[in-house]
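Whatever position you read off the sequence shown (first residue = 1), add 11 for the working numbering.
Don't be surprised by glycine CBs; every beta carbon is placed ideally from N, CA and C.
Data first, discussion second: the structure below is written as structure tokens.
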Amino acid sequence: MFTTGSKLLIGSSVLALVATLLFGILDGGLLGSVGLISATVALSVLAGINVFTRDANVGADEVESFGGAASAAERPGSSMWPFTIGLAAVTVTLGLVTYTAIFVLGLIL
12 MFTTGSKLLI GSSVLALVAT LLFGILDGGL LGSVGLISAT VALSVLAGIN
62 VFTRDANVGA DEVESFGGAA SAAERPGSSM WPFTIGLAAV TVTLGLVTYT
112 AIFVLGLIL
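The following block contains the structure:
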């Protein structure tokens, strides 16, 4: 049986494929077709990975797998790294469009 996430991604892949075919046949635009083909391929790859990993669910009949499931692991401690990296990325981006000094400050962060 397919999980909910797999059904969603398979449905999205089919919808993207139908949109690609309709757009390619009716409009014939090359650039739009390439974009839609890329979306179809990306969604199909994600759907394949999701089906292969069973949406990362542990089956109810796999009792020995409960302890090794990701949900049974301890929560990692708090960290300032995500905030610091986000601040640095914003500062670098802001520095690219404003002043060189702000860009350098973002690189230092």
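Item	Value
Helix, strand or coil, according to DSSP, for LEU120 in the structure here?	coil
State yes or no: is the C-beta of THR51 within less than 7 Å of the C-beta of LEU28?	yes
Within the continuous alpha helix (DSSP H) that includes SER17, where are the two ends?	15–37
Suppose contacts are defined by Cβ-Cβ distances below 7 Å. Is THR102 in contact with LEU116 by that definition?	yes
Can you tell me which of LEU57, ALA112, GLY97 and ILE113 puts its alpha carbon nearest to the alpha carbon of SER24?	LEU57
Is the beta carbon of ASN61 closer than 7 Å to that of GLY2?	Given that the chain is displayed from residue 12 to residue 120, the structure contains no residue 2 and the question cannot be resolved.
Return the chain-ordered list of same chain residues with a C-beta closer than 6 Å to the C-beta of GLY43, the five sequence neighbours on each side being excluded.	PHE34
Grab the span of the alpha helix (DSSP H) containing PRO93 for me, first residue to last.	92–108
Roughly how many angstroms lie between the CA atoms of ILE97 and LEU120, to the nearest whole one?	Note that residue 97 corresponds to Gly in the displayed sequence, not to Ile. Each residue's Cα considered, the two are about 10 Å apart.
Could you please give the first and the last residue of the uninterrupted alpha helix (DSSP H) stretch that includes THR64?	Element bounds for THR64: n/a, residue is neither H nor E.
Enumerate in chain order the residues of its own chain whose CB-to-CB distance from PHE13 is below 8 Å, with the five nearest sequence positions on each side excluded.	ILE21 and VAL62
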